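Numbering (this note's numbering), first residue to last: 2 to 79. The structure under discussion appears below in the form of structure tokens.
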């Protein structure tokens, strides 16, 4: 009888990619708002742009928690 395949014991990488994308998107959103607040979407939201950037950045932290949890669970399976 063979054990689980090595691929199934690795933590998924999609949360790490999503984390980085959310962090970069959140920072880019806030920077764009400060550089040129007259852009079409940014001007419609006004100061709510800061909230959008912070939410994106916070979502990155959620994905970090998912990634760490998945890594711990898969490490315990070994």
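For every residue, glycine included, the Cβ atom is placed at its ideal position computed from N, Cα and C. For clarity, every value in this text was computed on a predicted model and none was experimentally measured.
Using beta-carbon positions only, say whether residue 80 and residue 47 come within less than 8 Å of one another.
Only positions 2 to 79 of the chain appear in this structure, which leaves residue 80 out of reach.
Which parts of the segment 34-68 are runs of the alpha helix (DSSP H), unbroken and 4 residues or longer, counting only runs that do not cross its ends?
Runs of the alpha helix (DSSP H) inside the segment 34-68: 41-46.
Would you mind stating whether residue 30 and residue 65 have Cβ atoms separated by less than 8 Å?
Taking a C-beta distance under 8 Å as the contact criterion, residue 30 and residue 65 do not qualify as a contact pair.
With DSSP run on the structure shown, which of helix, strand or coil describes residue 14?
Here DSSP, grouped into helix, strand and coil, assigns residue 14 to coil.
Shortest alpha-carbon distance to residue 20 belongs to which of 68, 33, 72?
For the residues 68, 33, 72, the minimum Cα distance to residue 20 belongs to 68.
Check this for me: beta carbons of residue 16 and residue 71, under 8 Å apart or not?
Between residue 16 and residue 71, the CB-CB gap stays under 8 Å.
Pair within 8 Å by beta-carbon distance, residue 33 and residue 25
For residue 33 and residue 25, no; Cβs fall outside 8 Å.
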